[in-house]
Amino acid sequence: MSISQAIENIETRYTHQPEFVQAVKEVAMTIAPLYDAHPEYSTSKIFERLVEPDRIIGFRINWEDDKGEIQVNRGWRVQFSNALGPYKGGIRFHPTVTPSVLKFLGFEQIFKNALTGLPLGGGKGGSDFDPKGKTDNEIRRFCYAFMRELHPYVDKDVDVPAGDIGVGSREISYMFAMYKNLTHEYGGVLTGKGVGFGGSLMRTEATGYGAVYFLENMLDAQDDNIKGKKVLISGAGNVALHAAEKATMLGAIVVTVSDSQGVLYDKEGFNQEKIDWIKAQKSEDKPLADYVSVHGGEWFDKQKPWQFQADIAIPAATQNEVNEDDAKLMVDNGVKYVVEGANMPLTADAIDCIREHRVHYAPGKAANAGGVAVSGLEMSQNSVRQYQTSEQIDTRLKEIMKNIHDSAADASEQYGQTDDGYIDYMAGANMVGFKRVADALVAYGILN
Ligand code: GLU
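Here you go:
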């Protein structure tokens, strides 16, 4: 069966899972040159095998809110592929979580994790639970209940969840406590744990910092650099704010962050003091718009950041936040680099639009791999029961991001996708990630 037939099958079988189909098509459409060079992949039906998760575990989560009322949510863990290591990937708590969203995230995670070069398989989990407006007690009860249901399926050598949207260090701590309580085992079953009880230094910063390290490599490949560049960032979560922080440290001028309520624009750029203020405000669940009365700048209700002139855009909010019109705005406003901090923030049409205009484009599975990479380092530190310094982890993170950049750029060149200096990072990253997993599957024979 050809890849195009396989895509057709996926589209028919999973019409009700649009995000998953979108993620599969993006990979499928770029790996043809690799497939042609490796006939063993079609013989072994690697693509057909990789689009079906090893298994999906679904469960119900009963928990009690502050009024004593019983609430019922749905939870899943998609164990996609353990070809390269234990299933690895975050847990998302958000009302938009569905099997389609988790399958797209899990599918992307396989190749992202492969790109890090660390021994990590791919998976993803979550719940349609909405943490917004919940008290700390409610969050704790929900996290305990979630882990009570999930714990038989995860283990440090089997499946190692972490955070994602709606799941940060507070939630990981509650889930870790429940796992420890149920199994009597203290280990590396989750990453993103607090520093001081098994967590790695720099894990919180890693995704955002890593995205900016990736960007520096892209700029370097074009004989350019980050100093003085104007940057638009969407989102105001962990990835967005740490990307803003690192870009600012390196001399860029970050002029926007945003949330579901609107966009904050500060033409002076956010310095560290302003970023710290935003971090504190968001962690207390207070409005981003309050910034204007403290630091100046402008607030645009219910708008996105792409209307402003800039050199670089880092969408770091959520999937499909950038549509074709947004992409056109970016192009018109002079954006030359788009670096995905979130997972699949651009729709397929938006990707086509920026690539047609030769905007340099780093897909999330390459650019935001820094988070899971430091999760991989957390797992090693847990295994040897010794911890590394921030400097050691930061050095490793920089190396890993450079390796991902260089291997994607090399594959783009090797398979004829680089055109007059324009590197096809999307094709390159997909081919490198896919090849690592495919070679393992071929070696395993029919199992897996
Ligand atoms: N949720 C993050 C991601 O999308 C991190 C996953 C992890 O650390 O396992 O890659």
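Going by the numbering used here, the first residue of the sequence shown is number 39, and it counts up by one from there.
Note that CB positions come from ideal geometry on N, CA and C, so glycine has one too.
Small disclaimer: the values here were computed from a predicted structure and weren't measured.
A Cβ-Cβ separation of about 18 angstroms leaves I203 out of contact with T385 under the 8 angstroms criterion.
If you check the C-beta of N120 against ligand 1, you find no heavy atom less than 7 angstroms away. Judged by the Cβ position, Q117 fails to qualify as a neighbour of ligand 1 at the 7 angstroms threshold, every heavy atom of the ligand being at least this far. For V397, no alpha helix (DSSP H) segment is defined, and its DSSP state is neither H nor E. Taking the Cα of Q109 as reference, the smallest distance to any Cα among F118, A183, A467, D174 is reached at A183. Distance from the CA atom of A467 to the CA atom of V475, rounded to whole angstroms, is 13 angstroms. In its chain, beyond the 5 residues on either side, L326, A327, W337, F338, D339, K340, Q341 have a beta carbon closer than 8 angstroms to the beta carbon of G300.
Assigned with DSSP and collapsed to three states, Q319 falls in helix.
Sixteen is the threshold: when 16 or more other Cβ atoms of the shown chains lie within 10 Å of the Cβ of A66, as they do, the residue is buried. The beta carbons of V89 and V62 sit closer together than 8 angstroms.
A distance below 8 angstroms between beta-carbons, with the five flanking residues on each side excluded, links Y224 to the following residues of its chain, in chain order: K218, G236. With respect to E416, R241 sits close: the two C-beta atoms are nearer than 8 angstroms. Taking a contact as a CB-CB distance under 8 angstroms, the pair P124 and V196 counts as one, their CB atoms being some 6 angstroms apart. A heavy atom of ligand 1 is found nearer than 7 angstroms to the CB of Q147. DSSP places V116 within a strand segment (E or B) once states are collapsed to three. Residues of the same chain with a CB within less than 8 angstroms of the CB of D364, apart from the 5 flanking positions on each side, are K342, W344, A388 in chain order. Annotated three-state conformation of L156 is coil, per DSSP.
DSSP places E49 within a helical segment (H, G or I) once states are collapsed to three. DSSP, read as helix, strand or coil, puts A354 in coil. When DSSP states are grouped into helix, strand and coil, D258 belongs to the helix group. For K284, the uninterrupted alpha helix (DSSP H) segment begins and ends at 276-287. One alpha carbon belongs to E243, the other to N175, and they sit about 26 angstroms apart. Here E107 is not bridged, per DSSP, to any residue. Shown here for E78: same chain residues with a beta carbon closer than 7 angstroms to its own, the five before and five after excluded, namely V480 in chain order. Each residue's CA atom was taken as its position, placing Q319 and K284 some 19 angstroms apart. Between D323 and the set L367, Y212, S298, M469, the nearest pair of CA atoms involves S298. Residue environment analysis places A411 among the buried positions, since at least 16 neighbouring C-beta atoms fall within 10 angstroms of its C-beta. Close CB contacts of I69 within its chain, under the 6 angstroms cut and outside five residues either way in sequence, are with N468, M469, F472 (chain order).
DSSP, reduced to helix, strand and coil, places S445 within a helical segment of the structure shown. In the DSSP assignment, the residues bridged to G161 are Q117. At a Cβ-Cβ threshold of 8 angstroms, A380 and V277 count as neighbours. Residue range 291-297 is occupied by the beta strand (DSSP E) that includes S296. Its chain contains V110, R112 as the residues whose beta carbon lies nearer than 7 angstroms to that of R98, once the 5 sequence neighbours on both sides are disregarded; these appear in chain order. Straight through space, the alpha carbons of L270 and I84 are spaced by roughly 39 angstroms. Classified as exposed, R396 has fewer than 16 neighbouring CB atoms from the shown chains inside 10 Å of its CB.
L270 carries a strand assignment under DSSP once its states are collapsed to helix, strand and coil.
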